[in-house]
Amino acid sequence: MESTRTFSDKLFLVIKGIGMGAANKVPGVSGGVVAFVAGFYEEFIYSLQKVNGKAFKLLINGRFNSFYRYINGKFLGLLFFGMIVSYFSVSKILDYFLDHYELYVWSLFFGMIIGSIYYINKDFNQWHLKTGIALGIGIVLGLGISFLNPAKENDNLFFVFICGMISVSGMTLPGFSGSFILILMGNYVLLLVDSVNALFDTLTEIVRLNFEFVYNSERLRLLKVLVVFTLGSVAGLVTFSHILSYILKHYKSITLATIIGFIVGSLGVVWPWKKTIFKTNAQGELLLDINDSPIIQNYQRYLPELNSETLFAVMYAILGIFVVLALEWYGQKTRKIK
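Every number in the working numbering is 1 more than the matching position in the sequence shown, counting from 1.
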């Protein structure tokens, strides 16, 4: 599979990785949906599933080329390279737009998820009682998660490791937003904002030959948290990929129906017209956590008024649908050429 990839294939694989990285950071959006729509979801799961005992034996015995080929290393390497680039570039741009044009960003992703539902469902012809029940369960779970109240921040390293394992499920399970799960677990800002920024600042200082960060206890704490979170994410990726590989092999139609349900349910999280609700005390004063950050209680969703802002938001949602349809068209075109 690796030898048949052209330079453009490799370039687009990096771009897909960037798309997955950006999607993983947006609460309510799943990187697994990008993998599904872009047509490499099963290869992604299969490649991760190859990280097993045999792979580690090859690695321990020094057979690095065999290990690289066995786990489909070029595919995973290009994909994860794109994700890393995304976390330090595209995701920061995304943060800017979420701060300044929040409604339009949510509208764009809302439309992309609608397009994804169409894309996944159009070729799925296995509807019967069992898949219908699986669809319903997926929708209920997806919607139910969107109405849970977030917990407080917790930097206990064991809990951070668990956060890594659970949050990365958004990459392997389309419709299940890992970043939104981190919000519910109270650690979204700690793990996807503060610790990533700490790593970026540290790398910048190292390039400038400035090593004063070793005396910065807060920086070292955040870096330690990021390392543990990364280890948890790797463990979660490998674990979930093995489980999903087995389920897809033996219960493919039910699994796909559940995934469609998850994605439909995730629309409750990505609904563009919402505002963040912060916890207050009996006197109406804003409650803060130990880091002086407001404690998020939940989102309050509302129906939009008919005005120019709403019309622009609808246009962005339609644009999101067309983006997914364009990706589908491009995928079909490239498959025909090959």
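In this text, a Cβ means the ideal position worked out from N, Cα and C, and glycines have one as well.
Backbone CA spacing between residue i and residue j [nearest angstrom]
i	j	result
residue 157	residue 94	30 Å
residue 163	residue 233	6 Å
residue 208	residue 201	11 Å
residue 252	residue 50	17 Å
residue 2	residue 70	The predicted position of residue 2 is uncertain, since its pLDDT is 47 and thus under 50; a value taken from the coordinates is nonetheless stated next. C-alpha separation (whole angstroms): 10 Å.
residue 180	residue 168	6 Å
residue 35	residue 45	11 Å
residue 30	residue 63	39 Å
Residue burial classification, residue i (beta-carbon count within 10 angstroms, cutoff 16)
i	result
residue 8	exposed
residue 303	exposed
residue 199	buried
residue 1	Nothing in the structure corresponds to residue 1, since the chain is present only between 2 and 339.
residue 189	buried
residue 14	buried
residue 267	buried
residue 211	exposed
Identity of the residues DSSP links to residue i by a beta bridge
i	result
residue 182	Answer by DSSP bridge pairing: none, since residue 182 is not bridged.
residue 301	276
Assigned secondary structure, residue i (DSSP; H/G/I helix, E/B strand, else coil)
i	result
residue 281	strand
residue 124	coil
residue 148	coil
residue 254	helix
residue 71	helix
residue 222	helix
residue 129	coil
residue 156	coil
residue 77	helix
residue 66	helix
residue 11	helix
residue 110	helix
residue 40	coil
Own chain residues within Cβ distance below 7 Å of residue i, not counting five before or after
i	result
residue 122	261
residue 325	38, 113, 116, 117 and 120
residue 99	106
residue 243	50
residue 11	79
Chain-order list of residues whose beta-carbon lies under 6 Å from that of residue i (same chain, five-residue window excluded)
i	result
residue 263	139, 143, 176 and 177
residue 83	15, 18 and 19
heavy atom of the ligand NAP below 6 Å from residue i C-beta
i	result
residue 238	Summarising the ligand content, the structure contains no ligands, and the ligand NAP is consequently not present.
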